[in-house]
Amino acid sequence: MNKARTSIPRAAAAHAVLIVYTIIALFPVLIVVVNSFKSRGAIFRAPLSLPGPKTFDLIGYTTVMAQGNFPLYFWNSLVVTVVSIFLVLLFGAMAAFALAEYRFRANTMTGLYLALGIMIPIRLGTVAILRLMVASGLVDTLTALILVYTAQGIPLAVFILSEFMKQVSDDLKNAGRIDGLSEYRIFFRLVLPLVRPAMATVAVFTMIPIWNDLWFPLILAPSEATKTVTLGAQLFLGQFVTDWNAVLAALSLAILPVLVLYLIFSRQLIRGITSGAVK
Amino acid sequence: MRRPRGCRRIGLHAGNDALGSLTLENIRKSFGKVDVLKGIDLDVKDGEFVTFVGPSGCGKSTLLRVIAGLEDASGGSVRIDGEEVGSVPPAKRGIAMVFQSYALYPHLTVRDNMGLGLKQAGEPKKIIEERVRVATSMLSLGDYLDRRPAELSGGQRQRVAIGRAIVRKPKLFLFDEPLSNLDAALRVNTRLEIARLHRELTATMIYVTHDQVEAMTLADRIVVLNKGVVEQVGLPMELYNRPANLFVAGFIGSPQMNFIEGSRLGESAATIGIRPEHVSIGKESGTWKGKVLHAEHLGADTILYLDTEKAGFVTARLFGEHRFAADDVLYATPDPARIYRFGQDGRVLS
Ligand SMILES: Nc1ncnc2c1ncn2[C@@H]1O[C@H](COP(=O)(O)OP(=O)(O)OP(=O)(O)O)[C@@H](O)[C@H]1O
Ligand SMILES: [Mg+2]
Chain P
422 MNKARTSIPR AAAAHAVLIV YTIIALFPVL IVVVNSFKSR GAIFRAPLSL
472 PGPKTFDLIG YTTVMAQGNF PLYFWNSLVV TVVSIFLVLL FGAMAAFALA
522 EYRFRANTMT GLYLALGIMI PIRLGTVAIL RLMVASGLVD TLTALILVYT
572 AQGIPLAVFI LSEFMKQVSD DLKNAGRIDG LSEYRIFFRL VLPLVRPAMA
622 TVAVFTMIPI WNDLWFPLIL APSEATKTVT LGAQLFLGQF VTDWNAVLAA
672 LSLAILPVLV LYLIFSRQLI RGITSGAVK
Chain X
93 MRRPRGCRRI GLHAGNDALG SLTLENIRKS FGKVDVLKGI DLDVKDGEFV
143 TFVGPSGCGK STLLRVIAGL EDASGGSVRI DGEEVGSVPP AKRGIAMVFQ
193 SYALYPHLTV RDNMGLGLKQ AGEPKKIIEE RVRVATSMLS LGDYLDRRPA
243 ELSGGQRQRV AIGRAIVRKP KLFLFDEPLS NLDAALRVNT RLEIARLHRE
293 LTATMIYVTH DQVEAMTLAD RIVVLNKGVV EQVGLPMELY NRPANLFVAG
343 FIGSPQMNFI EGSRLGESAA TIGIRPEHVS IGKESGTWKG KVLHAEHLGA
393 DTILYLDTEK AGFVTARLFG EHRFAADDVL YATPDPARIY RFGQDGRVLS
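As given, the protein sequences belong to chains P and X, one line each in that order.
In short: position in the first sequence from 1, add 421, done, that's my numbering.
In short: position in the second sequence from 1, add 92, done, that's my numbering.
If you want it as structure tokens, here you go:
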């Protein structure tokens, strides 16, 4: 940090605000994780206390591992999320490049049409989507989920990425054209690396709702073989009894993969910001 | 798509002595309803150095991009070496372009930045290496071959960008304000370097700038553009001594030419023009009596801004140092042989 530009009271105030916010944001997560390591009685008696020697209990985790098919659920969630993110980024970035780079008659209309997708929730179309999936025999496949999530993620991706792509220097792209690079090379080799921070942002924003979604897995792929983690955890939420140990353990475990994905993307974010730009 | 596609291959393998003539015929370009280029005609001979000058937004870069094939013209034809290139993609036109923002590939080393164009054209590695070597020694970039653009200074980056153009051995070099991001000292150095390159490579060069000093010092011929039309084409001294109209008269020369309403001086011409360096100053007597509003002392020159009774505001440029200050009362006298007369339409009257 530059000494001349920092003042201690101001820095302290900023840090205080950030710390308070962090506590508020992390508190529920912490409660979930802490309680997942406690016995059922201890969860209800003292939900805020840390697990002690008497209250420590891994019963939740053993239930999760024993019951249901959690490793498979994890795998399903991971496949759906990663493949969807990949497709959203690929197609979103390509569409964004076309909108940002080429002048054609339907350019503005196409942009607006895609932006509409941000405003209209895809769940409104659930019935039609289900019919479509039934007709095409995709019910109870991960493909169904991937297709829906890709469609759901693309509008925001196009919106954000096209803004960023407009900022990539025209001269750079033109230099590539004069050197004989194809439009694809220009897109993949020159433009994409420069919008990597934006891609990471889009990836994070796309990933969280997909990982957490309960709606479409429940409707499109509820079979045992295609269950996702969020859907699998519902197993323990009964109408009359709820196995809180197992629910909390399942949720705690579900945090881990997204955390890893997030760390990967955020490193991209930082690397993208610090890598040398055009000038 | 904004760029033409085609597969004719012209002159990429031409030797070092490849020269390119350029002919523009009635080039027009509109963005939607806005006409940016309104019918440009121009002939550039083999090995000539031509600069385009004009105020910001007059269409210089657009014209250059049309020549390069990065932008389709809305009308007219571009011929390089006598060949119509309307449907030839930029990489096959035998041109190279240097951009204002350097536009180096950030992920490639200096060596690869320079070699990429040839690699794309399928040249053998040996030839690429040799050409990169020649270009780097020409521009004394040898020490930086393995660095990335982010690790170079602005001047070095611009030299790499110029090197990337040289390596292609183009028939036609296009420069789009290559020096405007450099500081004053570096600008002079690089200007000299470009002049030297033009002599050594004997290539045809087109150079866009809005800096008239660059234009005057580098060019064989200058093209003055304004609002998408060519105002005048000529040798630097022709433009200075015989401007065709008010715009060129005002644009070439610094400080700007004085324009005085003809009626104030009892002349029949609509506007009278006199360059500041052709106004002499006397303490006792002269044609126009006036008060000094401001004096700029530059060492080699002294520039006086006068408010005269008869001719209004007049700028005078005196050689050397003079001890004039604001509020001094002086007499300004125009050199009668150097007075320009312009008609109602802005054209010069002979
Ligand atoms: N892609 C575009 N879409 C619409 N208008 C454009 C586009 N590119 C350029 N223009 C317009 O064309 C005109 C000429 O632009 P150009 O870049 O050729 O100017 P210039 O002479 O190079 O100016 P400068 O000296 O500032 O670089 C400007 O008025 C600009 O607004
Ligand atoms: Mg320009």
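For glycine and all other residues, C-beta sits at the position ideal for the given N, C-alpha and C.
Note that the structure is a prediction, hence the values are computed from the model and not measured.
**Message:** Using a Cβ-based criterion (distance less than 6 Å to any ligand heavy atom), does residue 153 of chain X qualify as near ligand 2?
**Reply:** Position 61 of the second sequence holds residue 153 of chain X. Shortest gap from the CB of residue 153 of chain X to any heavy atom of ligand 2: under 6 Å.
**Prompt:** From what residue to what residue does the alpha helix (DSSP H) around residue 204 of chain X run?
**Reply:** As a first step, residue 204 of chain X is located in the second sequence; it is residue number 112 there, counting from the start. Residues 202-212.
**Request:** Check each candidate in P:686, P:478 and P:638 and name the one with the smallest Cα separation from residue 567 of chain P.
**Result:** The residue given as residue 567 of chain P occupies position 146 in the first sequence. Cα-wise, what sits closest to residue 567 of chain P is P:638.
**Asked** Name the chain B residues whose beta carbon is nearer than 9 Å to that of residue 183 of chain X?
**Response** This model lacks chain B altogether, as its protein chains are P and X.
**Asked** Where DSSP assigns a beta bridge to residue 189 of chain X, which residues make up the other side?
**Response** Start at 1 with the first residue of the second sequence, and residue 189 of chain X comes out as number 97. Paired residues: X:266.
**Request:** Check the Cβ-Cβ distances between residue 416 of chain X and every residue of chain P, and say whether any is below 7 Å.
**Result:** Here residue 416 of chain X corresponds to residue number 324 of the second sequence, with the count starting at 1. Using a CB distance cut-off of 7 Å, residue 416 of chain X does not count as an interface residue toward chain P.
**Asked** Is the shortest distance between the beta-carbon of residue 99 of chain X and the beta-carbons of chain P less than 7 Å?
**Response** In the second sequence, counting from the first residue as 1, residue 99 of chain X sits at position 7. Because residue 99 of chain X carries a pLDDT of 37, less than 50, the predicted location of this residue cannot be relied on, and no value is offered for it.
**Request:** Spell out whether any CB of chain X is found under 7 Å from the CB atom of residue 700 of chain P.
**Result:** As a position in the first sequence, residue 700 of chain P is number 279, starting the count at 1. Interpretation of residue 700 of chain P is limited by its pLDDT of 38, a score under 50 that renders its predicted location unreliable; the figure taken from the coordinates is listed afterwards. Yes, its Cβ sits closer than 7 Å to a Cβ of chain X.
**Request:** Under 7 Å between beta-carbons, which chain X residues line up against residue 593 of chain P? List them in chain order, please.
**Result:** Taking the first residue of the first sequence as position 1, residue 593 of chain P is located at position 172. Per Cβ cutoff of 7 Å: 195.
**Message:** Below 8 Å on C-beta distance, what does residue 614 of chain P contact in chain X?
**Reply:** For this step, residue 614 of chain P is matched to residue 193 along the first sequence. Under the 8 Å cutoff, chain X gives 198 and 199.
**Message:** Does the CB of residue 213 of chain X have a neighbour CB from chain P at under 7 Å?
**Reply:** Residue 213 of chain X sits at position 121 when you count from the first residue of the second sequence. Judged by the 7 Å Cβ criterion, residue 213 of chain X is in contact with chain P.
**Message:** Closer than 6 Å to a non-hydrogen atom of ligand 1 - does that hold for the CB of residue 128 of chain X?
**Reply:** Counted from its first residue, the second sequence places residue 128 of chain X at position 36. Result yes, Cβ under 6 Å from ligand 1.
**Partners in chain X for residue 590 of chain P, counting only beta-carbon separations shorter than 7 Å** = Locating residue 590 of chain P in the first sequence gives position 169, counting from the first residue. Correct list: 193 and 195.
**Prompt:** Roughly how many angstroms separate the alpha carbons of residue 186 of chain X and residue 262 of chain X, rounded to a whole number?
**Reply:** Sequence index remark: in the second sequence, residue 186 of chain X carries index 94 (1-based). Sequence index remark: in the second sequence, residue 262 of chain X carries index 170 (1-based). C-alpha separation (whole angstroms): 5 Å.
**Asked** Cα separation between residue 425 of chain X and residue 407 of chain X?
**Response** Taking the second sequence and counting its residues from 1, one reaches residue 425 of chain X at position 333. Taking the second sequence and counting its residues from 1, one reaches residue 407 of chain X at position 315. C-alpha separation (whole angstroms): 11 Å.
**Message:** With the cut-off set at 7 Å, would you say residue 403 of chain X and residue 380 of chain X are in Cβ contact?
**Reply:** Taking the second sequence and counting its residues from 1, one reaches residue 403 of chain X at position 311. Taking the second sequence and counting its residues from 1, one reaches residue 380 of chain X at position 288. Result yes, Cβ atoms of residue 403 of chain X and residue 380 of chain X sit closer than 7 Å.
**Request:** Could you spell out where the beta strand (DSSP E) holding residue 52 of chain X opens and where it closes?
**Result:** Since the first residue of chain X shown is 93 and the last is 442, residue 52 of chain X is not available in this structure.
**Item:** Helix, strand or coil at residue 435 of chain P according to DSSP, with G and I counted as helix
**Value:** Position 14 of the first sequence, counting from 1, holds the residue named residue 435 of chain P. Helix at residue 435 of chain P.
**Message:** Closer than 8 Å is the cut-off here; do at least three beta carbon pairs connect the region 595-603 of chain P with the region 508-524 of chain P?
**Reply:** no
**Asked** Hey, does residue 162 of chain X have any beta-carbon neighbour from chain P nearer than 7 Å?
**Response** Taking the first residue of the second sequence as position 1, residue 162 of chain X is located at position 70. Interface annotation, residue 162 of chain X: in contact with chain P, CB-CB separation under 7 Å.
**Request:** Could you name the residues that DSSP lists as bridge partners for residue 324 of chain X?
**Result:** If you number the second sequence from 1, residue 324 of chain X lands on position 232. According to DSSP, which records beta bridges pairwise, residue 324 of chain X is partnered with X:316.
**Item:** residue 583 of chain P beta carbon near ligand 1 (any heavy atom closer than 6 Å)
**Value:** Residue mapping note: residue 583 of chain P aligns to position 162 of the first sequence, counting from 1. Result no, Cβ not under 6 Å from ligand 1.
**Message:** Distance cutoff 7 Å, beta carbons only. Does residue 189 of chain X sit that close to anything in chain P?
**Reply:** Walking along the second sequence from the start, residue 189 of chain X turns up at place 97. True, the Cβ-Cβ gap to chain P drops below 7 Å.
**Asked** If we ignore side chains and look at the alpha-carbon of each, how far apart do residue 469 of chain P and residue 661 of chain P end up?
**Response** The sequence position of residue 469 of chain P within the first sequence is 48, counting from 1. The sequence position of residue 661 of chain P within the first sequence is 240, counting from 1. Those two C-alpha atoms are separated by around 25 Å.
**Limits of the unbroken beta strand (DSSP E) element including residue 345 of chain X** = Sequence index remark: in the second sequence, residue 345 of chain X carries index 253 (1-based). Note, residue 345 of chain X: premise wrong, no beta strand (DSSP E); not H, not E.
**Asked** According to the neighbour-count rule (16 or more other Cβ atoms, all chains shown, within 10 Å of its Cβ), is residue 267 of chain X buried or exposed?
**Response** Here residue 267 of chain X refers to the residue found at position 175 of the second sequence. Classification of residue 267 of chain X: buried, given that the 10 Å Cβ count is 16 or more.
**Beta-carbon proximity list for residue 109 of chain X, same chain, < 8 Å, skipping 5 on both sides** = Within the second sequence, numbered from 1, the residue matching residue 109 of chain X stands at position 17. At residue 109 of chain X the pLDDT is 45, less than 50, meaning the model places this residue with poor confidence and gives no usable figure here.
**Message:** Please report the distance separating the alpha-carbon of residue 341 of chain X from that of residue 315 of chain X.
**Reply:** One-based indexing of the second sequence puts residue 341 of chain X at position 249. One-based indexing of the second sequence puts residue 315 of chain X at position 223. Straight-line Cα distance between these residues: approximately 13 Å.
**Request:** Just confirm the distance between the C-beta atoms of residue 301 of chain X and residue 177 of chain X, as a whole number of angstroms; I'd bet it's less than 8 Å.
**Result:** Within the second sequence, numbered from 1, the residue matching residue 301 of chain X stands at position 209. Within the second sequence, numbered from 1, the residue matching residue 177 of chain X stands at position 85. With 8 Å as the limit, residue 301 of chain X and residue 177 of chain X do not qualify as a contact, their Cβ atoms being about 24 Å apart.
**Prompt:** So is residue 93 of chain X buried or exposed if we call it buried at 16+ other beta carbons inside 10 Å?
**Reply:** The residue given as residue 93 of chain X occupies position 1 in the second sequence. Caution is warranted here: a pLDDT of 43 is assigned to residue 93 of chain X, below 50, making its placement in the model unreliable, and no coordinate value can be reported.
**Prompt:** Within 7 Å (strictly less), CB to CB, does residue 93 of chain X reach chain P?
**Reply:** Locating residue 93 of chain X in the second sequence gives position 1, where the first residue counts as 1. At residue 93 of chain X the pLDDT is 43, less than 50, meaning the model places this residue with poor confidence and gives no usable figure here.
**Item:** Nearest-angstrom Cβ-Cβ length linking residue 365 of chain X and residue 434 of chain X, presumed shorter than 8 Å
**Value:** Taking the second sequence and counting its residues from 1, the one referred to as residue 365 of chain X is at position 273. Taking the second sequence and counting its residues from 1, the one referred to as residue 434 of chain X is at position 342. For a cut-off of 8 Å, the C-beta gap from residue 365 of chain X to residue 434 of chain X is around 6 Å, short enough to register as a contact.
**Request:** Would you identify the three-state DSSP class for residue 123 of chain X, choosing helix, strand or coil?
**Result:** Here residue 123 of chain X corresponds to residue number 31 of the second sequence, with the count starting at 1. If DSSP states are grouped into helix, strand and coil, residue 123 of chain X belongs with the strands.
**Prompt:** Cα separation between residue 506 of chain P and residue 534 of chain P?
**Reply:** Here residue 506 of chain P refers to the residue found at position 85 of the first sequence. Here residue 534 of chain P refers to the residue found at position 113 of the first sequence. About 21 Å.
**Request:** Examine the Cβ distances between the region 200-217 of chain X and the region 281-298 of chain X and report whether three or more of them are shorter than 8 Å.
**Result:** Fewer than three pairs of CB atoms, one per stretch, sit closer than 8 Å, so the region 200-217 of chain X makes no contact with the region 281-298 of chain X.
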